[in-house]
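Undergrad: Residue numbering for the sequence shown follows the working numbering, starting at 171 and increasing by one per position. Where a beta carbon is used, it is the ideal one built from N, C-alpha and C, also for glycine. Below you'll find the structure I mean.
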Amino acid sequence: MDFLKSCINKKFKNDEPWKIVLKTVVASGALYGAGCLASEIRENGLGETVLAIAKKTPIIKDIIEKELAKVKSKAEEMALTSKEVLEYKVNSELPSKGVSREVLMKDLTKWEEIERSKYSRGQTSGTVYHGDRSLADFAGDVMKMFCLANPLHPSTFPFVQKMEAEVVAMTLKMFQGTSKDHCGLTTSGGTESILMAMKAYREKGYAKGIRRPEIVACVTVHAAFDKAADYFGMKLVHVPFDRRTYQADISAIKNAVTRSTVVIVCSAPCYAQGIIDPVEEVASFIEENDLDVGLHVDCCLGGFLAPFVRIMDERKGLPKFDFSVKQVTSISADTHKYGYSPKGTSVLMYASRELRRMQYFTAPRWTGGIYATPSAAGSRPGAVIAATWAVMMHMGLEGYMDASRKIMQTADTIKKGIGGIEGLEVMGDPQLSVVCASHSFLSMLVQHVC
Numbered sequence: 171m172d173f174l175k176s177c178i179n180k181k182f183k184n185d186e187p188w189k190i191v192l193k194t195v196v197a198s199g200a201l202y203g204a205g206c207l208a209s210e211i212r213e214n215g216l217g218e219t220v221l222a223i224a225k226k227t228p229i230i231k232d233i234i235e236k237e238l239a240k241v242k243s244k245a246e247e248m249a250l251t252s253k254e255v256l257e258y259k260v261n262s263e264l265p266s267k268g269v270s271r272e273v274l275m276k277d278l279t280k281w282e283e284i285e286r287s288k289y290s291r292g293q294t295s296g297t298v299y300h301g302d303r304s305l306a307d308f309a310g311d312v313m314k315m316f317c318l319a320n321p322l323h324p325s326t327f328p329f330v331q332k333m334e335a336e337v338v339a340m341t342l343k344m345f346q347g348t349s350k351d352h353c354g355l356t357t358s359g360g361t362e363s364i365l366m367a368m369k370a371y372r373e374k375g376y377a378k379g380i381r382r383p384e385i386v387a388c389v390t391v392h393a394a395f396d397k398a399a400d401y402f403g404m405k406l407v408h409v410p411f412d413r414r415t416y417q418a419d420i421s422a423i424k425n426a427v428t429r430s431t432v433v434i435v436c437s438a439p440c441y442a443q444g445i446i447d448p449v450e451e452v453a454s455f456i457e458e459n460d461l462d463v464g465l466h467v468d469c470c471l472g473g474f475l476a477p478f479v480r481i482m483d484e485r486k487g488l489p490k491f492d493f494s495v496k497q498v499t500s501i502s503a504d505t506h507k508y509g510y511s512p513k514g515t516s517v518l519m520y521a522s523r524e525l526r527r528m529q530y531f532t533a534p535r536w537t538g539g540i541y542a543t544p545s546a547a548g549s550r551p552g553a554v555i556a557a558t559w560a561v562m563m564h565m566g567l568e569g570y571m572d573a574s575r576k577i578m579q580t581a582d583t584i585k586k587g588i589g590g591i592e593g594l595e596v597m598g599d600p601q602l603s604v605v606c607a608s609h610s611f612l613s614m615l616v617q618h619v620c
């Protein structure tokens, strides 16, 4: 220690105090910057880090801003140049005098007819999942009856609360969540279901002392997981998919798990290729290593299809994806897709009430009283909950089974058609409604580039 002090004093003996302070500050800043850079490289890789730094330089930043301005301008132009829309007046402020219902309904009826014609031609992929006009009218009638209902006030709207509980219970039964611990709630859609689930896992990580909880998921998972990581200050660790099966690479998942991992995500199926990830293999890995991490299965797309396909047993190779797998701790499933309910509803299910509680928000000291909400929203539209309940009750098991059978037959027809076209091939083994094809030359090119 004395030797070190002697060396330092000798080095700086001719420097004025202000120079010593300045050199210390500069050296400390350099060390801190180097540490931050090393952390960025470790987390995002050298290429991404260099690119991020380059984007901040004046020249590159100016180029990017110019290109973004072009894209923004083009997007706005596309959004505002629909021939049908341009035929109507732009209303940028409240009318001084209210417009009559008759006039408004005339316009609204016309607009609805135009939009319906766009998806009723049988050429729309996704977007609208049930084209039966009578079912939509029925749901609309129910929504009209409950348009003022708000589940935030259960004492005023007890039947909306009853219907919400029954929607959750029926969905849990579909996913074999039959124990007293299985529970859930409704949200505004798949994205909110995913956000709320990840929020719960973040809180669990915080409780364990993890400063930045990590999500491990395949690159094929829905972008809502990226949004969750961004919103909640989590780290999303992406792993690759198997180039042959397009399932999440189980070896990569095993290597990606760290002490900071709070949840592993599987898709059933993923949006792009329609592949169900190896849920059972991930569950076995968790069990064999006695890991205290969650396993979330995102069934937002196939949630009201996979359970009925499993019951029909028309796909004997359909892998397990639900609560029959012991290690599955949460599942997201959209009622407003193949559940055929109005847009704005999804169900998030948990294997334990304790985990569900972690997504809640409470403000007990608010001057307006205790404020508590189970999900992101405060007030929620009871109308869509009521309509979801009504549609599920109306469809029944038989109705969903029949719809699922027709969808599977159509998917098989598409797969066979792709197989009969030279150069085209189905990507992986999609077992539900999504069928993705690639051209052999393009596939080779993509694999070479990636």
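Cα-Cα, which of Val561, Ala546, Met597 is closest to Glu362?
TA: Checked all of Val561, Ala546, Met597; the closest Cα to Glu362 is Ala546.
Undergrad: Mind checking which residues open and close the alpha helix (DSSP H) that includes Tyr570?
TA: Here the alpha helix (DSSP H) through Tyr570 covers 552 to 589.
Undergrad: Please report the straight-line C-alpha distance between Cys620 and Phe474, rounded to a whole angstrom.
TA: Caution applies to Cys620, whose pLDDT of 42 falls short of 50 and renders its modelled position unreliable; the value that the coordinates give is listed next. Whole-angstrom Cα-Cα distance: 34 Å.
Undergrad: Can you grab the Cα-Cα spacing for the pair Met313 / Val241, in whole Å?
TA: So the alpha carbons of these two residues sit roughly 38 Å apart.
Undergrad: Excluding five sequence neighbours on each side, which residues of the same chain lie with their C-beta closer than 7 Å to the C-beta of Phe411?
TA: If we look at Phe411 and ignore the five residues flanking it on each side, its Cβ neighbours are Cys388, Val389, Thr390, Gln417, Ala418, Asp419.
Undergrad: Given this structure, state the Cα-to-Cα distance separating Leu355 from Val195, to the nearest angstrom.
TA: About 53 Å.
Undergrad: Using a Cβ-Cβ cut-off of 7 Å (strictly less than) and excluding sequence neighbours within five positions of Gly548, which residues of its own chain qualify?
TA: If we look at Gly548 and ignore the five residues flanking it on each side, its Cβ neighbours are Leu322.
Undergrad: With distances taken from CA atoms, which of Arg291, Arg414, Asp468, Val561 is nearest Val596?
TA: The shortest Cα separation from Val596 among Arg291, Arg414, Asp468, Val561 belongs to Arg414.
Undergrad: For Ile223, which three-state DSSP category applies?
TA: DSSP places Ile223 in helix when its eight states are reduced to three.
Undergrad: Report, in whole angstroms, the separation of the C-beta atoms of Leu471 and Pro448, which I expect to be a contact under 8 Å.
TA: With a Cβ gap of about 17 Å, Leu471 and Pro448 do not count as contacting.
Undergrad: Taking the C-alpha atoms as reference points, what is the distance between Val330 and Gly589?
TA: Each residue's alpha carbon lies about 48 Å from the other.
Undergrad: Would you kindly check if the distance between the Cβ of Cys469 and the Cβ of Ile445 is under 8 Å?
TA: No, the Cβ-Cβ distance between Ile445 and Cys469 is not below 8 Å.
Undergrad: Under the assumption that Met519 contacts Phe345 (Cβ atoms under 8 Å), give the Cβ distance between them as a whole number of angstroms.
TA: The pair is a contact, with the Cβ atoms about 6 Å apart (cut-off 8 Å).
Undergrad: For Tyr299 versus Tyr508, is the C-beta spacing smaller than 8 Å?
TA: A contact, by the Cβ cut-off of 8 Å.
Undergrad: Going by DSSP in three states, Tyr520 sits in which element: helix, strand or coil?
TA: In this structure, Tyr520 counts as strand in the three-state DSSP scheme.
Undergrad: Considering only residues of the stretch 468 to 506, which uninterrupted alpha helix (DSSP H) runs meet the minimum length of 4 residues and lie entirely inside it, listed in chain order?
TA: Listed in chain order, the complete alpha helix (DSSP H) runs (minimum 4 residues) inside the stretch 468 to 506 are 476 to 482.
Undergrad: Is there contact here, the stretch 450 to 459 with the stretch 549 to 566, by at least three beta-carbon pairs under 8 Å?
TA: Taking 8 Å as the limit for Cβ pairs, the verdict is that the stretch 549 to 566 does not touch the stretch 450 to 459.
Undergrad: Around the C-beta of Glu384, are 16 or more other C-beta atoms found within 10 angstroms, so that it is buried, or is it exposed?
TA: Flag for Glu384 reads buried.
Undergrad: At a cut of 8 Å, does the stretch 528 to 541 reach the stretch 596 to 610 through at least three beta carbon pairs?
TA: The stretch 528 to 541 is not in contact with the stretch 596 to 610.
Undergrad: Would you kindly work out how many angstroms separate the C-alpha atoms of Gln529 and Ala521, rounded to a whole number?
TA: Gln529 and Ala521: Cα-Cα distance of roughly 14 Å.
Undergrad: Leaving out five residues on either side along the sequence, give the residues of the same chain with a beta carbon under 6 Å from the beta carbon of Asp277.
TA: Taken in chain order, the list of residues that qualify is empty.
Undergrad: Ends of the beta strand (DSSP E) at Leu406?
TA: From DSSP, the beta strand (DSSP E) with Leu406 extends over 405 to 409.
Undergrad: For the beta strand (DSSP E) that contains Gly354, what are its first and last residues?
TA: It spans 353 to 357 - the beta strand (DSSP E) in which Gly354 sits, taken as one unbroken run.
Undergrad: Which residues mark the beginning and the end of the alpha helix (DSSP H) in which Glu458 is found?
TA: Segment 449 to 458, the alpha helix (DSSP H) holding Glu458.
Undergrad: Can you give the Cα-Cα distance for Ala204 and Ala306, rounded to whole angstroms?
TA: Their backbone Cα atoms lie some 59 Å apart in a straight line.
Undergrad: In this structure, what does DSSP give as the bridge partners for Leu594?
TA: In the DSSP output, where bridge partners are listed per residue, Leu594 has His609.
Undergrad: Tell me where the beta strand (DSSP E) around Glu283 begins and ends.
TA: Note, Glu283: premise wrong, no beta strand (DSSP E); alpha helix (DSSP H) at 271 to 289.
Undergrad: Does Met614 pass the burial test, meaning 16 or more other C-beta atoms within 10 Å, or should it be called exposed?
TA: With a pLDDT of 49 at Met614, under the threshold of 50, the predicted position of this residue should be treated as unreliable, though the coordinate-derived value follows. When all chains shown are included, Met614 counts as exposed.
Undergrad: Residue range of the beta strand (DSSP E) that Ser304 falls in?
TA: Taken as a continuous stretch (DSSP letters only), Ser304 belongs to no beta strand (DSSP E), being part of the alpha helix (DSSP H) at 303 to 315.
Undergrad: Rank Ser430, Leu238, Tyr541, Ala309 by C-alpha distance to the C-alpha of Gly464 and give the top, closest one.
TA: Here the closest residue by C-alpha is Ser430.
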